[in-house]
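Heads up, the thing below is written out as structure tokens.
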């Protein structure tokens, strides 16, 4: 046995790559012929190549491809006009029209919107008296409407804003449906259910037992505009206290459209249903705080902070609580 | 450049070469560059995603790279293939990003990943796990070794092609690959039984092992 000198992985890797001089190579090969542990190491090196070669390389996601087209269009525009590069925003409706996940879907009428909207508080003063039967349903994970839970402990302090959130969700949902911008592909895994939705006009839900189970397919979320300056520390606290009391923003404005753009991009990346979006600041910088359900049952959210112009993450997505 | 087969078959492909498209772009054809992007974006994405190990970062890098290629198309000189040139721009964009990122704390998606371990997603197949392990392992390597391994071992380019992309001698590519593999071996060797029975059949690997 000549197994007194073993060789390390670096030498063996160089041997495999043909980097050793002839004499050293001969020596190492002679050793390998009789040394099982070193042979094992050589096999490990071969495994690395095999594993790397076998790791699939996915195609570029549609969202990234669109983003690049957009950036190049802006570049072309700035070159042509010599003007501002980003002046020409892409027509997202048009770009996304044929994408497999963008199909027109049916969205329920916002039947009681007027009434609910009347209750939207002007300020963020939370009130206790909202435990009265509210004509609300919550869209469950399977797309059906279930009665909104009235656990007082949980809703205390933001019950009224929740009504407002519901109203906003419907407004956003409707505006969105009319442009197909965020319309979901009903029934499939990536469908994003709205956090709150109103039942149809024909059968208003008055008590939980009478809840009408109807599939709702709109991608939607509650959009607020708190202009709050978030910090990492705050974002680790339950978000309900911050998102709930913020003034609600209606759909249809150019603001809402640009928020939509970012929300759909984030949803594309996270593959999670967007629950609530707040327009505010992050460490003093304008930001969208986008909360998506990571695990609804456990009240766990993924929180994306993006800048509202280019939808780029301002920090790593992190987990939060509602 | 040694090009792996593209999705559209050669017959469907228009008979315009990349170089002709680039010339058309320089001469003001507004559609020429989009065609180049369409042809190569998947490969550029794969390189960036594997080199950076993070989809957000990779998307930024590929976007930067394509915009930069668009701008400096006129400086392209015909001695290299257009694909080599594009690869070079993408790899450099990735290496730039890594350098800048290494200043910031490596927060990673640790929180998210930890949560996913707690509640595994239903579609978390073996393949996905292996893929995540490979990404995590690659992140432990210095950028130059990572880039070399991505091009040679993952993308299947020849050492010579990789050397052109990275603008270093072939011997340098080989030694970066060797050092990278040596570092990955202890981390990835346990995957041997998971992979070589079913999915992996690498003649090169077998050859290597058998001396």
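Protein chains in written order, with full-length UniProt numbering: chain A, 1 to 322; chain B, 1 to 211.
Ideal placement from N, C-alpha and C gives every residue a C-beta, glycine not left out.
From a predicted model like this one, the values you see are computed outputs, not experimental measurements.
Note on geometry: alpha-carbon atoms of residue 127 (chain B) and residue 30 (chain A) lie some 37 Å from one another. Annotation for residue 171 (chain B): the continuous alpha helix (DSSP H) segment containing it runs 170-188.
Residues 140, 141 and 145 of the same chain have their beta carbon placed closer than 8 Å to that of residue 183 (chain B), with the five preceding and five following residues left out of the count. Under the three-state reduction of DSSP output, residue 313 (chain A) falls in the strand class. Sorting A:286, A:292, A:320 and A:294 by C-alpha distance to the C-alpha of residue 312 (chain A) places A:286 at the top. Pairing residue 272 (chain A) with residue 299 (chain A), the inter-Cα distance amounts to about 14 Å.
Of all residues in the region 61-85 of chain B, those with a C-beta nearer than 8 Å to a C-beta of chain A are 62, 63, 66, 67, 70 and 71, reading in chain order.
Below the 8 Å Cβ cutoff, chain A contributes 69 and 72 as neighbours of residue 34 (chain B), in chain order. Using beta-carbon distances, residue 321 (chain A) does not count as an interface residue toward chain B, since no partner is under 7 Å.
For the pair residue 41 (chain A) and residue 12 (chain A), the CB atoms are nearer than the 7 Å cut-off.
Between residue 41 (chain B) and the set B:24, B:64 and B:53, the nearest pair of CA atoms involves B:64.
Annotation: Cβ neighbours of residue 184 (chain B) in chain A (cutoff 7 Å, chain order): 48. Contact of residue 131 (chain B) with chain A by beta-carbon distance below 7 Å involves 55 and 56. Counting along the chain, residue 280 (chain A) sits inside no alpha helix (DSSP H); it lies in the beta strand (DSSP E) bounded by residues 274-282.
Per DSSP, reduced to three states, the secondary structure at residue 92 (chain B) is helical.
Under the Cβ distance rule, residue 98 (chain B) does not count among the residues neighbouring chain A, no pair being separated by less than 7 Å.
Residue B:143 holds the alpha-carbon nearest to the alpha-carbon of residue 98 (chain B) among B:177, B:191, B:72 and B:143. About 22 Å separates the CB atoms of residue 62 (chain B) and residue 305 (chain A); that is not less than 8 Å, and the two are not in contact.
Against chain B, the beta carbon of residue 60 (chain A) has neighbours under 7 Å at 41, 42 and 45, listed in chain order. Residues of the same chain with a CB within less than 7 Å of the CB of residue 49 (chain B), apart from the 5 flanking positions on each side, are 55 and 58 in chain order.
Residues of the region 155-175 of chain B with a Cβ closer than 9 Å to any Cβ of chain A, in chain order: 155, 156, 159, 171, 174 and 175.
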